[in-house]
Amino acid sequence: MILCKFGTRQALPFVNELLNDFSLNTEERTSQQQTAEDKKKQEFLQNRGEIPRHIAVIMDGNGRWAKSRGSVRIAGHKAGVDSVKDIVEACGQLGVRHLTLYAFSTENWGRPKGEISALMKLLVQSLRSETRKLHENEIKLTSIGDRDRLPPTCRRELEEAISLTAENKTMELCLALSYSGRWDICQAVSRISQKVKDGELCPEEITNDVITDHLATAHIPDPDLIIRTSGEFRLSNFLLWQSAYSELYVTKTYWPDFRRDELYKALECFQNRERRFGKVSPPLELEESPLVIR
Ligand code: FPP
215 MILCKFGTRQ ALPFVNELLN DFSLNTEERT SQQQTAEDKK KQEFLQNRGE
265 IPRHIAVIMD GNGRWAKSRG SVRIAGHKAG VDSVKDIVEA CGQLGVRHLT
315 LYAFSTENWG RPKGEISALM KLLVQSLRSE TRKLHENEIK LTSIGDRDRL
365 PPTCRRELEE AISLTAENKT MELCLALSYS GRWDICQAVS RISQKVKDGE
415 LCPEEITNDV ITDHLATAHI PDPDLIIRTS GEFRLSNFLL WQSAYSELYV
465 TKTYWPDFRR DELYKALECF QNRERRFGKV SPPLELEESP LVIR
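For the sequence shown, the numbering used here assigns the number 215 to the initial residue and increments by one for each residue that follows.
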């Protein structure tokens with residue numbers, strides 16, 4: 215990871231300026247109408263094949279995007295929020311049912327304090343400015359991760375937005391915050407062990423389904439498609455259990471440049487994949503099978 219070239223003390227006033235500017239521009243950026251051309255692209259994809267029920271995204275490359283423009287890392291995160299808004303909107307329009315965004319990993323707590331606090335501030339500002347729009351569009355907001363580690367304001371805004379949108383049915387937007395796949399597996403194992411200790415569960419009863427039901431994502435189907443931006447070929451501790459049969463799509467595009475047209479490319483690629491889940495396809499007719507013994 216490339217870190218901010220300025221020290222925290224020097225960078226913060228500039229960062230605050232950037233963040234203040236962000237809240238003023240929000241309305242202007244979100245009030246655009248969908249173009250006829252975009253609608254056509256979406257209809258093409260809907261008719262072409264399956265739209266994934268659950269898309270999960272590793273939003274990477276904000277820092278490199280900023281560096282390539284001679285700017286500070288937080289400018290990349292700020293631009294990344296615009297991509298979040300565009301992708302959420304496009305997914306809602308396409309009929310994606312679940313969108314999970316890796317917004318802050320357990321490992322991200324190891325970043326410089328100034329960057330962490332700027333990211334948390336960005337999250338609070340985004341929640342304040344976008345929750346109404348999410349609600350109007352019937353989008354339900356949820357989160358996975360260790361919420362107790364989030365700063366109190368961040369946690370409060372998040373919980374208010376979650377409770378306001380709890381009954382919405384169009385799409386679920388799940389923010390992975392202070393999340394990692396290993397954290398998720400640890401907390402599931404710990405809760406399962408407690409049940410065994412309390413005599414509510416026998417060790418022999420621990421199946422795939424039992425583990426799935428104790429993960430933070432118990433209420434969400436496994437991701438059909440995991441998109442990673444900025445060209446790195448790894449999962450970085452994201453949805454480790456849940457990604458067993460996910461299709462992976464990696465693009466070199468940095469997250470702040472990943473807008474709906476990039477999403478459409480990922481969807482076309484997904485539609486070209488053959489998902490076999492460890493089985494064979496297409497099923498061979500009995501008489502065609504070389505293994506049939508007559
Ligand atoms: C990875 O880029 C990105 C993050 C760790 C944060 C993602 C956060 C946002 C897009 C903004 C806030 C999100 C919401 C949901 C409002 P990086 O910093 O690791 O980039 P690099 O690998 O180029 O250094």
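All C-beta atoms, glycine included, are put in the ideal place defined by N, C-alpha and C.
Quick caveat, the model's predicted, so the values are computed rather than measured.
{"query": "Secondary structure of SER457, DSSP reduced to three states", "result": "coil"}
{"query": "Residues bridged to VAL464 [DSSP beta-bridge criterion]", "result": "ARG442"}
{"query": "Contacts around LEU341, its chain only, beta-carbon distance under 7 angstroms, and the 5 residues preceding and following it disregarded", "result": "GLU371, LEU372, ALA375"}
{"query": "beta-carbon GLY359 near ligand 1 non-hydrogen atom, thresh 7 angstroms", "result": "no"}
{"query": "Distance cut-off 7 angstroms: SER460 Cβ against heavy atoms of ligand 1", "result": "no"}
{"query": "Three-way DSSP call (helix, strand, coil) for ALA317 in this model", "result": "strand"}
{"query": "C-beta contact flag for ILE272 and SER450 at 8 angstroms", "result": "yes"}
{"query": "Cα-Cα separation, ARG487 to SER460", "result": "11 angstroms"}
{"query": "For SER343 and ILE420, the rounded distance between their alpha carbons", "result": "43 angstroms"}
{"query": "Length-filtered (3 minimum) beta strand (DSSP E) runs lying within the region 319 to 361", "result": "353 to 358"}
{"query": "Three-state class that DSSP yields for HIS428 in the structure shown", "result": "helix"}
{"query": "Beta-carbon gap between GLY359 and SER404 smaller than 8 angstroms", "result": "no"}
{"query": "Simplified DSSP state of GLU303, which is helix, strand or coil", "result": "helix"}
{"query": "Beta-carbon gap between MET385 and CYS305 smaller than 8 angstroms", "result": "yes"}
{"query": "Where GLU418 falls, given that 16 or more other Cβ within 10 Å makes a residue buried", "result": "exposed"}
{"query": "ASP252 and ARG473 closer than 8 angstroms at C-beta", "result": "no"}
{"query": "Whether ILE353 touches VAL310 by CB criterion (8 angstroms)", "result": "no"}
{"query": "Cα-Cα separation between HIS312 and ALA432, rounded to whole angstroms", "result": "13 angstroms"}
{"query": "Any non-hydrogen atom of ligand 1 closer than 7 angstroms to LEU348 Cβ", "result": "no"}
{"query": "Residues bridged to CYS388 (per DSSP)", "result": "THR314, THR356"}
{"query": "Member of ILE434, SER377, GLU414 whose CA lies at the smallest distance from the CA of ALA390", "result": "ILE434"}
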